[in-house]
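Number 270 in this note's numbering belongs to position 263 of the sequence shown; there are no gaps in the numbering. Below: one structure, written as structure tokens.
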Amino acid sequence: MQATEKIWMNGELVDWDDAKIHVASHGLNYGSGAFEGIRCYDTPQGPSVFRLREHLVRLENSARLLYMELPYSIDELRDAVHEVVAVNGNASCYIRPLAFYGYGELGVSSVGNPVDVVVLSFPWGAYLGEDSQTKGITAKISSWERVGPNVIPHVAKATGIYLNSMLATMEARRGGYDEAIMLSHDGYVADGPGENIFVVKDGVISTPPLSMSILPGITRDTVIQIAQDLGHRVEEKLMIRTDLYLADEVFMVGTATEVAPLRAVDDQEIGVGPVTRELQQAYLETVEGRSERYAHWLDVVEMSPSAA
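In structure tokens, the structure reads:
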């Protein structure tokens, strides 16, 4: 991670090295937090945050599912994102808003603990490496199942849930793969540790339904809309691991990952196909401000004179 100048913390800009919390914070001890991953792109219109309001609405919803009331409105958080992007001067960056129960009581109950909110931004390239966008990635079906919807609310982008994702990621990386694919408790394809998954077969694009304990991805929604606008048939359906092996194409999507082709799953070669390439190009044109059709998804940041 590349450090930047400032982090927005509970309404104030503080130096990167001074953004600290107490070791007894509830969120550190119990994973009681919610976060978002957002990207800002250097577009012809200026630095533009992609689908910022949708991300902040999801943050608010995630917090609500953790019985957490955010001390800032969506408009105030939007202003905070703009402020930290502008002061750090990175026209292209990754943005991490994070809300968590802070220092107060150390019992499992969160009652009595304040809600701390931070927003940081920093430069970040392709999450799975630059080659992930061109050559594609390899994936392994994880032995770690995706947690069920009655275990933890999967529609919440909660910090504690990502222990499930971390274990799957580490297992895959230690096995020599780029990423993991997680199944539900009954063996259906769910998602990746930080991505949603799509399969192309006989001209139809399929993706697991939200009932598979997957995060309602904003990139997932974006790709579905773009694909349909391009004339593709997109459906939500249950899939098993052999659907991945026998697919014409498989790709993963996410804010950090963007659109990454899967060239192999469990050493079953798939390759990188034309539908994935088409959607990858269309997605990049959208987020980089080169498509007027989706200009409403871009939230342009006015950079400070010193950062311009």
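Heads up, the beta-carbon is just placed ideally off N, CA and C, and yes, glycines get one too.
For residue i, three-class secondary structure by DSSP
i	result
Tyr37	helix
Leu63	helix
Asn203	strand
Ala31	coil
Trp151	coil
Glu19	strand
Ile144	strand
Ser213	strand
Arg317	Absent from the model: residue 317. The displayed extent of the chain is 8 to 315, so no value can be given.
Closest residue to residue i among the options (Cα-Cα distance)
i	options	result
Tyr169	Leu222, Ile277, Ser191	Leu222
Leu127	Pro51, Met8, Gly261	Met8
Ala165	Tyr74, Trp23, Asp228	Tyr74
Ile148	Ile159, Leu35, Gly182, Ser117	Gly182
Val282	Glu309, Gln275, Tyr290	Tyr290
Lys27	Gly44, Ala197, Val125	Val125
Ser80	Glu90, Leu113, Leu66	Leu66
Asp274	Tyr134, Ile188, His192	Ile188
Glu76	Pro216, Ser117, Ser99, Glu178	Ser117
Straight-line gap, residue i to residue j (C-alpha atoms, nearest Å)
i	j	result
Ser39	Asp209	43 Å
Ala234	Gly155	29 Å
Lys244	Ala254	14 Å
Gln288	Trp131	19 Å
Ser213	Glu242	5 Å
Ser150	Thr229	29 Å
Glu139	Pro268	In the sequence under discussion, the amino acid at residue 139 is Ser, which differs from the Glu named in the question. Straight-line Cα distance between these residues: approximately 7 Å.
Leu174	Tyr184	14 Å
Check whether residue i and residue j have beta carbons under 8 Å apart
i	j	result
Val94	Leu20	yes
Arg270	Gly143	yes
Tyr37	Val115	yes
Asp123	Phe107	yes
Tyr48	Glu295	yes
Val211	Arg240	yes
- Message: Which complete beta strand (DSSP E) runs does the segment 228–300 hold, if anything under 3 residues is left out?
- Response: 240–243, 256–261, 265–272
- Message: Runs of 3 residues minimum, wholly inside the segment 68–140: which ones carry the beta strand (DSSP E) assignment?
- Response: 100–108, 122–129
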